[in-house]
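Down below is the structure, laid out as structure tokens.
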Amino acid sequence: MRFSRLLIPTTKETPNDATLASHIYLIRGGFIQSVGGSGLYNFLPLGKKVLDKVRAVVKDELDKANCQEVSLSFVTPASLWKESGRFEKYGKELLRFKDRKNNDFILGPTHEEMMVNLVKQTVKSYKQLPLNLYQINLKFRDEIRPRFGLMRGREFLMKDGYSFHTSTEDMEREFTFMEETYKKIFRRLGLDFRVVEADSGAIGGSGSKEFMVLADSGEDTIVVCDACDYGANIEAAVRKEKTCDEEAPEAVFAKFHTPNTKTIDELSEFFHVNPFYLVKTVAKKALYDEGESKIVLFALRGSDDLQEVKASNAVQANELVDVSEEELTKLGLVAGYMSPTIVPENVIVVLDNELKEASSMICGANEEEYHLIGNSFKGVEANYHDVISVQEGDLCVCCGEPLRYTKGIEAGHIFQLGTQYSEALGANFLDENGKSKPMVMGTYGIGVSRLLAAIIEQNHDDKGCIWTKASAPFDLHIIISNIKDEKQVALGEELYESLKAKGLDVLLDDRKERFGSKIKDYELLGVPHAVIIGKKLQDGTVEFVTRKEIVKESVLAENIMNLVEERML
RNA sequence: CGGAGUGUAGCGCAGUCUGGUAGCGCACCUGGUUUGGGACCAGGGGGUCGAAGGUUCGAGUCCUUUCACUCCGACCA
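Take the first sequence: its position 341, counting from 1, is numbered 340 in numbering that gives the first Met the number 0, and each next residue is one higher.
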């Protein structure tokens with residue numbers, strides 16, 4: 000294609016609301032255009048080209064893995080979502096609206112309901128299973144705070160796949176197979192990624208894994224082990240039970256006067272003990288459907304922090320929010336001195352798993368200026384859950400080596416769903432014995448438009464994008480330095496036509512611009528290779544450029560064709 | 001949701017305090033010069049100043065209402 004005929008509105012200036020490299024370069028390079036700055040984007044020709052290339056890789060690998068592409072209606076009747084129970088549960092991210100007849104509709108943020116409904120109507124027998132259907136379509140999530148360009152938009156392109164099985168074993172087989180298929184996709188796109196254990200979130204289900212593209216700007220914190228391949232999202236990470244070298248504060252059970260010691264630090268100072276032996280009691284309000292809420296006390300070691308997602312799951316809440324001091328007082332809870340053992344009615348207590356066998360612990364007395372010493376949880380029946388946040392340096396549950404934090408961009412997520420949706424929506428099949436059973440499901444997602452951002456986050460420099468081979472908008476970028484130099488133009492045209500004929504996707508910069516603008520645009524757009532036809536043609540040479548490190552190789556003009564073929568075909 | 005801020009040309013901004021002809025840079029159009037790191041000269045086009053209402057002879061500017069967007073915050077008992 001000819002640059003002079005393409006709509007590629009590159010700019011020198013960075014948009015004022017962009018902080019991430021991917022956001023800046025996608026806008027500056029004319030790949031995408033912001034729509035009213037509210038998490039909505041138009042894809043311009045170049046952006047659409049990249050999107051299609053990424054999409055093609057995803058589709059190719061899935062089709063090879065016997066998945067079948069379909070396309071589901073974007074607008075979804077709310078009735079299906081009411082059946083599954085998610086119309087209420089999904090929260091404000093679900094965009095709801097009414098048609099002229101006043102019927103409720105939603106814009107699909109994910110399509111379990113629609114897909115289950117499709118399968119329910121067409122699949123009746125075990126002979127038709129297993130089945131893996133997917134689509135690559137728009138999704139809409141009314142994010143609280145869309146930001147970072149394509150990283151967290153409200154409307155985005157997602158591949159969502161759903162598999163249906165006669166048994167849990169078969170679903171697990173497919174889950175593992177999809178993990179391998181996804182790895183092929185991410186590798187082919189040239190990404191550095193890690194597969195990690197994850198929380199299942201609003202989708203539900205038992206096991207789930209996330210595909211994290213490693214990048215400092217990632218919004219997710221992931222816990223990894225360098226000694227083995229353990230990796231998990233912080234929301235799901237576990238560790239080998241923590242121990243403490245310091246001596247435990249031996250004491251018989253007693254109430255102790257502890258003025259002005261509301262925080263763990265103050266308490267640790269007061270008793271001269273490691274926070275490991277203190278109980279931190281965190282109050283949260285758990286929100287449920289239809290405006291119901293409960294106050295929950297989470298108790299954990301003072302050396303640990305509460306992991307909110309784990310905590311929320313422990314009480315099966317939709318969300319946890321902070322509780323005001325007034326509310327606590329009203330319930331008979333004393334802020335700063337709360338206790339997991341002395342608790343008013345109507346307050347739920349959740350103890351962290353690691354407190355199960357703990358002894359010599361100090362906790363609040365739920366009384367102003369008093370703590371209880373010499374507490375033991377040995378043999379105490381209680382509501383135990385894993386609610387702590389794994390910290391850097393904690394030990395790996397698999398191999399015992401220290402764990403490390405890193406940042407990742409969630410680009411894929413696969414779930415073992417089970418029968419939760421098939422039961423709710425009545426998606427049953429008849430087995431060999433003619434018995435009706437709910438289908439066992441798995442679900443698999445890839446954020447296709449987010450991948451564009453992820454690729455750039457991982458592959459850019461201070462000049463612009465550096466697309467990977469599989470994602471680049473063009474294979475080769477030819478720059479004619481001076482459009483008034485007939486020799487340069489002639490060679491450029493010749494190269495362009497013959498390389499096109501060989502099947503390369505070539506961009507020819509034939510604009511009436513100065514060299515400076517053209518090379519800046521080249522570096523900004525980030526096509527993996529370029530040929531510069533310029534001044535040096537007088538001496539019979541041109542340059543072959545590799546974008547990644549900006550390496551320029553001088554090549555005799557008559558050899559350039561061979562070199563390009565050799566390197567690129 | 002809590003806090004702060006911003007809406008003026010396609011983009012980035014000044015002008016608002018102290019009311020009086022709508023400005024600048026980039027981009028765009030025309031002509032010319034220039035052509036290896038985002039050029040220069042000359043000329044030109046483009047804005048119901050977020051919206052509604054009010055005060056005034058006169059409102060981008062003052063008052064009221066409203067909408068939109070951006071940024072920061074959501075491990076504390």
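Quick reminder that beta carbons are idealized off the backbone N, C-alpha and C, glycines included.
Just so we're clear, the structure is a prediction, and the values are computed from it rather than from any experiment.
| query | result |
| --- | --- |
| Hey, would you say Val563 sits closer than 9 Å to Val530, going by beta carbons? | yes |
| Pop quiz: His528 and Met567 are said to be a contact at Cβ under 8 Å. What is the actual Cβ separation, rounded to whole angstroms? | 7 Å |
| Do the segment 162–177 and the segment 27–45 touch if we need at least three Cβ pairs shorter than 8 Å? | no |
| Would you tell me roughly how many angstroms separate the C-alpha atoms of Val308 and Ile482, rounded to the nearest one? | 60 Å |
| Could you check which residue in Gln127, Phe139 and Gln457 has the C-alpha nearest to that of Val74? | Phe139 |
| Does the Cβ-Cβ distance between Val278 and Leu354 come in under 9 Å? | yes |
| Measuring CB to CB, does Glu61 end up less than 9 Å from Ala453? | A quick correction: the sequence has Leu, not Glu, at residue 61. The answer is no: Cβ separation not under 9 Å. |
| Report the residue ranges of all alpha helix (DSSP H) runs contained in full by the segment 350–401; include only those spanning at least 4 residues, in chain order. | none |
| Using 9 Å as the threshold, is the C-beta distance between His22 and Leu149 below it? | yes |
| Which of the three DSSP states is assigned to Asp159 in this structure? | strand |
| Which same chain residues, not among the five before or five after Thr405, have their C-beta less than 7 Å away from its C-beta? | Leu213, Ile221 and Val223 |
| So what's Glu12 in DSSP terms, helix, strand or just coil? | coil |
| Could you tell me the boundaries of the beta strand (DSSP E) in which Val505 lies? | Val505 to Asp508 |
| So Ser448 and Leu50 are in contact, right, with Cβ under 8 Å, and what is the actual spacing, rounded? | 7 Å |
| Is the separation between the beta-carbon of Ala524 and that of Leu188 shorter than 9 Å? | In the sequence under discussion, the amino acid at residue 524 is Leu, which differs from the Ala named in the question. Cβ distance not < 9 Å, so Leu524 and Leu188 don't count as in contact. |
| For Thr109, is the classification buried or exposed, using 16 other Cβ atoms within 10 angstroms of its Cβ as the cut-off for buried? | buried |
| Report yes if the C-beta distance between Ile518 and Ile478 is below 9 Å; otherwise report no. | yes |
| Could you check the C-alpha separation between Ile294 and Arg54 for me, to the nearest Å? | 46 Å |
| Starting from Ala231, follow its DSSP beta bridges and name the residues at the other end. | Glu196 and Val222 |
| Can you tell me whether Glu111 is helix, strand or coil according to DSSP? | helix |
| Quick one: what's got a C-beta closer than 7 Å to Glu548's C-beta in the same chain, skipping five residues either side? | none |
| Nearest CA to the CA of Leu93: which residue from Tyr276, Leu106, Lys535 and Asp264? | Leu106 |
| Please specify which runs of the alpha helix (DSSP H), each continuous and at least 4 residues long, are wholly inside the segment 219–305, giving them in chain order. | 263–270 |
| At which residues does the beta strand (DSSP E) containing Ala64 begin and terminate? | Element bounds for Ala64: n/a, residue is neither H nor E. |
| Is Leu472 buried or exposed, if buried means 16 or more other CB atoms sit within 10 Å of its CB? | Reading the sequence as shown, one finds Pro at residue 472 and not Leu. Buried: at least 16 other Cβ atoms inside 10 Å. |
| Would you decide whether Gln306 is buried or exposed? Buried here means 16 or more other CB atoms lie within 10 Å of its CB. | buried |
| Quick one: complete alpha helix (DSSP H) runs, 4+ long, within the segment 410–438? | 419–423 |
| Count the CB pairs spanning the segment 335–343 and the segment 357–373 that are closer than 8 Å, and state whether there are at least three. | yes |
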